[in-house]
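Enquirer:
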Amino acid sequence: MPIGRQPESRLLPSAGMHLWPSGGMSAADSHAQGHLVYAASGVLSVHTERGTSIVPANRIAWTPAGFTHQHRAHGHTDMRIVFLPASLARLVPDRPAVFLASGLAREVLLTLAGPRDLDRTARARLQRVLVDELHEAHERPLQLPEPRDDRLRAVARLLYENPADTTPLAALGHRTGASARTLSRLFHDELGMTFYEWRTQVRVYQALVLLAEGHDTTRVAHACGWANPSGFIAAFTGVVGTTPGRYAATIRRST
1 MPIGRQPESR
11 LLPSAGMHLW
21 PSGGMSAADS
31 HAQGHLVYAA
41 SGVLSVHTER
51 GTSIVPANRI
61 AWTPAGFTHQ
71 HRAHGHTDMR
81 IVFLPASLAR
91 LVPDRPAVFL
101 ASGLAREVLL
111 TLAGPRDLDR
121 TARARLQRVL
131 VDELHEAHER
141 PLQLPEPRDD
151 RLRAVARLLY
161 ENPADTTPLA
171 ALGHRTGASA
181 RTLSRLFHDE
191 LGMTFYEWRT
201 QVRVYQALVL
211 LAEGHDTTRV
221 AHACGWANPS
231 GFIAAFTGVV
241 GTTPGRYAAT
251 IRRST
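Shown next, in the form of structure tokens:
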């Protein structure tokens, strides 16, 4: 996706917003301060060397200082960003992380990144509340680890291009030059999950994008490889923590 599709932006030293067109992607960048991002509408993906995190409307993503990252918008996306001073950044992980967004965390982040002018004392107080809320929420990652082995990368490309592909691992291995046993070991050793767990996550992440674009549950289920909506709903809820219907309703309320 071309990087040239630049967003409308409002940025302050401590926070701001980007209104991204669907498919917009930032250039690779890093910052001297760590930052939190939230999709007030649409869906974001945040790519770092640790993998790709999906940031729908019920998640907040953290990228520490110095980590090279890229943001990509899926659907028209209102991305809010809040930079944390070093004194507060020490209280959150020293690696990219994704947190469940409580109602309070969401409202505080939107206030910090919104048009309202805040004095330094008010801003510092709200930043501390936001970090406290993230501590209470704990981490709820929606992250797809990035394969390093070339054989895993080849399998990943096939599934990224067509998440609904039901080809067994042995047949995928034949196409990419590795045995099913070798690929199974690599998925376990590199990514900490089975091939089928990883494929389910790929499908759920694609479903997040399609739901944000307004497609109904049945159509999304079939497009992402489920033969019936009930299986899709169970898998989606297990990964995201809410049903596709409730997630889609959250997206509609945010827009």
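With full-length UniProt numbering, letter number 116 in the sequence shown gets 116, and the count goes up by one each step, no holes. Just so it is clear, CB atoms sit at the ideal spot from N, CA and C, and this is done for glycine as well.
#1: Give the DSSP-derived three-state secondary structure of histidine 174 in the structure shown.
#2: What's the C-alpha gap between isoleucine 3 and histidine 76?
#3: Tell whether a beta-carbon distance below 8 Å holds between alanine 235 and threonine 182.
#4: Going by DSSP, what residue range makes up the alpha helix (DSSP H) through aspartate 150?
#5: Let me check understanding here. Comparing Cα to Cα, which of Val131, Trp198, Thr194, Ala170 lies closest to proline 163?
#6: Counting along the chain, where does the beta strand (DSSP E) carrying serine 53 start and finish?
#7: So, arginine 95 versus arginine 50, is the Cβ gap smaller than 8 Å?
#8: Name the DSSP bridge partner or partners of methionine 79?
#9: Considering only the alpha carbon of each residue, which of Val55, Leu142, Ser102, Ala28 lies closest to glycine 66?
#10: Would DSSP call glutamine 33 helix, strand or coil?
#11: In terms of residue numbering, what span does the alpha helix (DSSP H) encompassing threonine 63 cover?
#12: Provide the residue(s) that pair with arginine 72 in DSSP beta bridges, ordered along the chain.
#13: Taking only the alpha-carbon atoms, compute the straight-line gap between glycine 245 and proline 85 and give it to the nearest angstrom.
#14: If you compare alpha carbons, which of Gly24, Ser179, Arg125, Ala40 is closest to histidine 74?
#15: Taking just the CA atoms, how far does leucine 159 sit from valine 55?
#16: Taking the straight line between their C-alpha atoms, what separation do you get for glycine 231 and leucine 172?
#17: Taking Cβ positions, are glycine 42 and alanine 212 nearer each other than 8 Å?
#18: Since alanine 89 is in the beta strand (DSSP E), which residue starts that stretch and which ends it?
#19: With a threshold of 16 other CB atoms inside 10 Å of the CB of methionine 1, please say whether the residue is buried or exposed.
#20: Hey, leucine 142 and valine 82 are a contact pair by Cβ (cut 8 Å); roughly how many whole angstroms apart?
#21: Enumerate, from N- to C-terminal direction, the unbroken alpha helix (DSSP H) stretches of 4 or more residues contained entirely within the region 180–242.
#22: Buried or exposed: serine 87, going by 16 or more other Cβ atoms within 10 Å of its Cβ?
#23: Please classify leucine 35 as buried or exposed, where buried requires at least 16 other C-beta atoms within 10 Å of its C-beta.
#24: Are the beta-carbon atoms belonging to leucine 186 and arginine 153 less than 8 Å from one another?
#25: Per DSSP, which one or two residues make a beta bridge with glutamine 143?
Expert: For this structure:
#1: helix
#2: Reliability fails at isoleucine 3, whose pLDDT of 43 lies under 50, so the model's placement of it is uncertain and the value that follows must be treated cautiously. Computed Cα separation, rounded: 15 Å.
#3: For the pair alanine 235 and threonine 182, the CB atoms are not nearer than the 8 Å cut-off.
#4: 150–161
#5: Trp198
#6: 51–55
#7: Yes, the Cβ-Cβ distance between arginine 95 and arginine 50 is below 8 Å.
#8: Paired residue(s): His18, Ala39.
#9: Across the set Val55, Leu142, Ser102, Ala28, the C-alpha of Ala28 shows the shortest separation from the C-alpha of glycine 66.
#10: coil
#11: Taken as a continuous stretch (DSSP letters only), threonine 63 belongs to no alpha helix (DSSP H), being part of the beta strand (DSSP E) at 59–63.
#12: Met25, Ser45
#13: 37 Å
#14: Gly24
#15: 20 Å
#16: 23 Å
#17: yes
#18: Looking at the DSSP string, alanine 89 is not in any beta strand (DSSP E); the run it does join, the alpha helix (DSSP H), is 86–89.
#19: With a pLDDT of 34 at methionine 1, under the threshold of 50, the modelled position of this residue cannot be trusted, and the question is left open.
#20: Rounded, the Cβ-Cβ distance is 19 Å, inconsistent with contact.
#21: 180–186, 195–212, 217–223, 229–240
#22: Label assigned to serine 87: exposed.
#23: Residue 35 is actually histidine in this sequence, not leucine. When all chains shown are included, histidine 35 counts as buried.
#24: No, the Cβ-Cβ distance between leucine 186 and arginine 153 is not below 8 Å.
#25: Ser53
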